[in-house]
Amino acid sequence: MRGSTARIVLVLNGPNLNRLGRREPAVYGTETLDAIMDRLHARAQALGLSLETRQSNHEGHLVDWLHEADDRGVEAVILNAGALTHTSVALRDAIAGLSVPVIEVHLSNPAAREAFRHRSRIAPVARGIIQGFGALSYLLALDAVAAMGQERATTEKG
Ligand code: DQA
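When we follow our numbering, the leftmost residue of the sequence shown carries the number 2, and every step to the right adds one.
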């Protein structure tokens with residue numbers, strides 16, 4: 002049963018997010034991806050979750066990792082697909098085929114930016130979206146995963 006596996010949360014970061022800290026700091030802040038992921042690891046530990054974090058600039062890697070998440074029955078995926086959010090039917094289809102919940106996150110608030118960022122191909126198949134809070138978006142997504150787990154446990158107890 003899924004609930005009995007180790008409580009692994011997979012965090013996937015897409016194109017250009019490896020450049021955080023140097024990349025458009027006025028939009029994305031000055032913190033590096035490693036620094037944000039370190040904070041996320043600390044929070045995961047406090048929440049009793051085991052975190053794995055990955056980044057790739059290649060769409061196919063993200064598709065493979067989404068399939069892997071499902072095969073392993075991880076608790077949830079937190080996904081910042083970067084610009085692929087707005088273009089990738091392949092990511093959308095991969096997520097649609099998973100039973101693992103995927104939480105879409107963004108540092109910035111794409112809805113308040115250029116029109117081409119207003120559509121997310123992922124949003125319709127995501128469990129939920131957290132965007133616009135900078136690095137905090139990832140931390141809030143992790144809190145959501147923990148809260149969903151608690152809710153499930155309460156419901157299962159009856
Ligand atoms: C982003 C928003 C996307 O529109 C952009 O292409 C990114 C980063 C964010 O985290 O704010 O690469 O996903």
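Beta carbons are placed, not taken as given, at the ideal position from N, Cα and C, and that holds for glycine. As the structure is a computational prediction, the values presented were derived from the model and not from experiment.
- Among the bridge pairs identified by DSSP, alanine 77 is matched with Val10.
- Look at proline 26: its beta carbon is at least 7 Å from all of the heavy atoms in ligand 1.
- Inclusion of leucine 108 in the 7 Å shell around ligand 1 follows from its C-beta lying nearer than that to a non-hydrogen atom of the ligand.
- A Cβ-Cβ distance of about 6 Å is found for the pair leucine 34 and asparagine 19, placing them in contact under the 8 Å criterion.
- Around the C-beta of histidine 107, 16 or more other C-beta atoms lie within 10 Å, and the residue is accordingly described as buried.
- Relative to ligand 1, arginine 23 has its C-beta separated by 7 Å or more from all heavy atoms.
- At a Cβ-Cβ threshold of 8 Å, arginine 128 and proline 102 count as neighbours.
- Judged by DSSP in its simplified three-state form, leucine 21 adopts coil rather than helix or strand.
- Isoleucine 79 and leucine 85 have their C-alpha atoms some 15 Å from each other.
- The beta carbon of isoleucine 131 sits closer than 6 Å to those of Val106, Ser138, Leu141, Ala142, all from its chain and outside the five residues before and after it, given in chain order.
- Residue state for glutamate 105 is assigned as strand, using DSSP reduced to three classes.
- Excluding the 5 residues flanking it on each side, valine 64 has same chain C-beta neighbours closer than 8 Å at Ala91, Leu92, Ala95, in chain order.
- Put simply, the stretch 31-48 does not touch the stretch 109-124. Fewer than three CB pairs are less than 8 Å apart.
- Taken atom to atom, the span from the alpha-carbon of methionine 149 to that of arginine 23 is near 34 Å.
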